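**Q** Starting off with a structure, shown below.
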Amino acid sequence: MSSESTIPWCIITTPVFILALPRLLAVLPQKIQFVTKCCIVLIATFIMSIVGCFVAIVFALLRRRHEINFVVARIFSFIASYPCGVTFKVVGEEHLEKYPAIVVCNHQSSMDMMILGRVFPKHCVVMAKKELQYFPFLGIFMTLSNAIFIDRKNHKKAIESTTQAVTDMKKHNSGIWIFPEGTRSRLETADLLPFKKGAFHLAIQSQQPVMPIVAAGYSNIYDSANRSFPGGELEIRVLEPISTIGMTADDVNELMERTRAVMLKNLKEMDHSVKSSSNSNGSSTAVAEGKTDEGLTQRRPVKE
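By the UniProt record's numbering, the letter at position 165 of the sequence shown is numbered 165, and the numbering carries on one by one without gaps.
Rendered as structure tokens:
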């Protein structure tokens with residue numbers, strides 16, 4: 001077969017293969033499927049780190065740097081989630097247009113990158129730990145896209161970074177995405193770790209609203225403890241922004257607890273819906289037996 005005939009053949013077969021990939025992976029044994037899909041996510045992350053650098057340079061030249069993350073996030077979410085059979089049901093997506101805001105989201109595992117990719121708003125940047133700045137390609141991309149790096153070991157520098165973040169928010173009319181739990185929760189139940197105050201200090205200093213985003217527990221979709229990655233539909237709720245107009249530093253704790261309470265309420269509601277769906281289908285993959293003190297069925301822990 002000549003090289004001339006090979007090119008159109010590849011153009012035809014490649015999209016067909018990509019479209020068929022979720023079904024092809026679904027027939028693999030559980031552990032092989034798990035490893036294969038995890039590799040796909042890692043490859044997607046690596047590809048988007050490189051592609052993101054070029055996108056960032058182009059958008060920077062066009063003076064549209066605060067749209068870099070939105071574009072790259074949406075592309076990443078598709079190329080990572082589609083082959084893995086992960087789909088999303090987003091409720092309240094219209095709230096993403098209410099900007100600027102401090103976006104806070106629950107943090108379960110490394111798979112949260114798919115969630116971030118699906119609902120990352122326009123004109124928003126990420127606040128991340130300083131160590132990510134030195135990752136090959138990823139660090140370059142994040143720097144070009146105006147990511148805010150926090151040195152957790154140096155309180156003075158952390159304060160300087162957050163102060164600069166407030167200035168940048170006002171200058172570019174942009175928002176900031178933060179995981180207020182500070183680390184992956186990996187909890188067995190529909191719950192949240194205690195929140196850190198940084199996001200709420202930022203919201204009050206900038207007088208911008210807090211926009212809570214809650215992703216349902218997804219151990220039925222991805223469970224590293226049992227090497228299971230069957231995929232499925234994941235519900236995400238974008239909640240009504242909480243105003244901070246007129247608040248002062250004395251209101252930080254109240255704002256933090258109010259935000260955590262509404263996020264936890266929605267998280268538990270989604271846990272109930274997962275349980276109901278599991279019971280109606282006769283499936284035990286989404287929830288494990290045994291109830292918590294509040295009557296919620298415990299989910300298997302999501303561990304890395």
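The beta-carbon is built from N, C-alpha and C at its ideal position, and this holds for glycine as well.
In this text the structure is predicted, and so the values were computed from the model without any measurement.
Among residues of its own chain, excluding the 5 on either side of residue 206, which ones have a beta-carbon nearer than 7 Å to its beta-carbon?
**A** Residue 206 sits at position 206 when you count from the first residue of the sequence shown. So the list reads 166, 169, 170, once near-sequence residues are dropped.
**Q** Indicate the three-state DSSP secondary structure (helix, strand or coil) for residue 68 in the structure shown.
**A** For the purposes of this step, residue 68 is identified with residue 68 of the sequence shown, where counting begins at 1. DSSP places residue 68 in helix when its eight states are reduced to three.
**Q** Assess, as a yes-or-no matter, whether the region 119-126 is touched by the region 191-200 under the definition of 3 or more beta carbon pairs within less than 8 Å.
**A** Judged by Cβ distances under 8 Å, the region 191-200 makes no contact with the region 119-126, as fewer than three pairs qualify.
**Q** Quick one: is residue 181 buried, meaning 16 or more other Cβ sit within 10 Å of its Cβ, or exposed?
**A** In the sequence shown, residue 181 corresponds to position 181, counting from 1. It is buried - the Cβ of residue 181 has at least 16 other Cβ atoms within 10 Å.
**Q** If you draw a straight line from the alpha carbon of residue 26 to that of residue 71, how long is it in whole angstroms?
**A** Mapped onto the sequence shown, residue 26 falls at position 26. Mapped onto the sequence shown, residue 71 falls at position 71. Approximately 29 Å between the Cα atoms of the pair.
**Q** Note down the Cα distance separating residue 59 from residue 126, rounded to an integer number of angstroms.
**A** Position 59 of the sequence shown, counting from 1, holds the residue named residue 59. Position 126 of the sequence shown, counting from 1, holds the residue named residue 126. Straight-line Cα distance between these residues: approximately 17 Å.
**Q** Mapping DSSP to helix, strand and coil, what is residue 88?
**A** Position 88 of the sequence shown, counted from the first residue, corresponds to residue 88. Strand, per DSSP.
**Q** Using 8 Å as the threshold, is the C-beta distance between residue 252 and residue 201 below it?
**A** Reading the sequence shown from its first residue, position 252 is the one you call residue 252. Reading the sequence shown from its first residue, position 201 is the one you call residue 201. Cβ atoms of residue 252 and residue 201: closer than 8 Å.
**Q** Which residues mark the beginning and the end of the beta strand (DSSP E) in which residue 149 is found?
**A** By 1-based counting over the sequence shown, the position of residue 149 is 149. Note, residue 149: beta strand (DSSP E), 148-150.
**Q** Contact defined as beta carbons within less than 8 Å: I believe residue 53 pairs with residue 140. What is the distance between those atoms, to the nearest angstrom?
**A** As a working mapping, residue 53 is identified with position 53 in the sequence shown. As a working mapping, residue 140 is identified with position 140 in the sequence shown. So it is a contact: roughly 5 Å between Cβ atoms.
**Q** May I ask you to report which of helix, strand or coil DSSP gives residue 219?
**A** Here residue 219 refers to the residue found at position 219 of the sequence shown. Residue 219 falls in the coil class under three-state DSSP.
**Q** Whether or not the region 89-108 and the region 60-67 are in contact is what I'm after, with contact meaning three or more pairs of Cβ atoms, one per stretch, closer than 8 Å; do they touch?
**A** No, the region 60-67 does not touch the region 89-108.
**Q** Do residue 142 and residue 128 have their C-beta atoms within less than 8 Å of each other?
**A** Taking the sequence shown and counting its residues from 1, one reaches residue 142 at position 142. Taking the sequence shown and counting its residues from 1, one reaches residue 128 at position 128. In this structure, residue 128 lies closer than 8 Å to residue 142 by Cβ.
**Q** Do you know how far the Cα of residue 38 is from the Cα of residue 110?
**A** Start at 1 with the first residue of the sequence shown, and residue 110 comes out as number 110. Start at 1 with the first residue of the sequence shown, and residue 38 comes out as number 38. When rounded, the distance between both Cα atoms is 10 Å.
**Q** With DSSP as the reference, label residue 19 as helix, strand or coil.
**A** Position 19 of the sequence shown, counting from 1, holds the residue named residue 19. Note: residue 19 maps to helix in three-state DSSP.
**Q** Quick one: is residue 243 buried, meaning 16 or more other Cβ sit within 10 Å of its Cβ, or exposed?
**A** Sequence index remark: in the sequence shown, residue 243 carries index 243 (1-based). When all chains shown are included, residue 243 counts as exposed.
**Q** Distance, Cα to Cα, residue 161 vs residue 150?
**A** Against the sequence shown, residue 161 aligns to sequence position 161. Against the sequence shown, residue 150 aligns to sequence position 150. Each residue's Cα considered, the two are about 6 Å apart.
**Q** Between which two residues does the alpha helix (DSSP H) carrying residue 37 extend?
**A** Reading the sequence shown from its first residue, position 37 is the one you call residue 37. That run of the alpha helix (DSSP H) goes 30-61.
**Q** So, is residue 268 buried or exposed, given that buried needs 16 or more other C-beta atoms within 10 angstroms?
**A** Sequence index remark: in the sequence shown, residue 268 carries index 268 (1-based). With 16 or more other Cβ atoms within 10 Å, it is buried.
**Q** With DSSP run on the structure shown, which of helix, strand or coil describes residue 254?
**A** In the sequence shown, residue 254 corresponds to position 254, counting from 1. Three-state DSSP puts residue 254 in a helix.
**Q** Assuming residue 176 contacts residue 102 under a Cβ cut-off of 8 Å, what Cβ separation, rounded to an integer in Å, is found between them?
**A** Position 176 of the sequence shown, counted from the first residue, corresponds to residue 176. Position 102 of the sequence shown, counted from the first residue, corresponds to residue 102. So it is a contact: roughly 6 Å between Cβ atoms.
**Q** Less than 7 Å between C-beta atoms, sequence neighbours within five positions excluded: which residues of the same chain meet that for residue 19?
**A** Numbered from its first residue, the sequence shown carries residue 19 at position 19. Excluding residues within five positions, none has a Cβ falling inside 7 Å.
**Q** As an exercise, report each continuous alpha helix (DSSP H) stretch of at least 4 residues that is fully enclosed by the UniProt domain "Phospholipid/glycerol acyltransferase" (101-218), in chain order.
**A** Runs found: 112-119, 138-144, 155-172, 198-206.
**Q** Considering only C-alpha positions, which residue in the set 211, 233, 223, 224 is nearest to residue 96?
**A** On the sequence shown, residue 96 is found 96 positions in, with the first residue counted as 1. Residue 96 has its Cα closest to that of 211, out of 211, 233, 223, 224.
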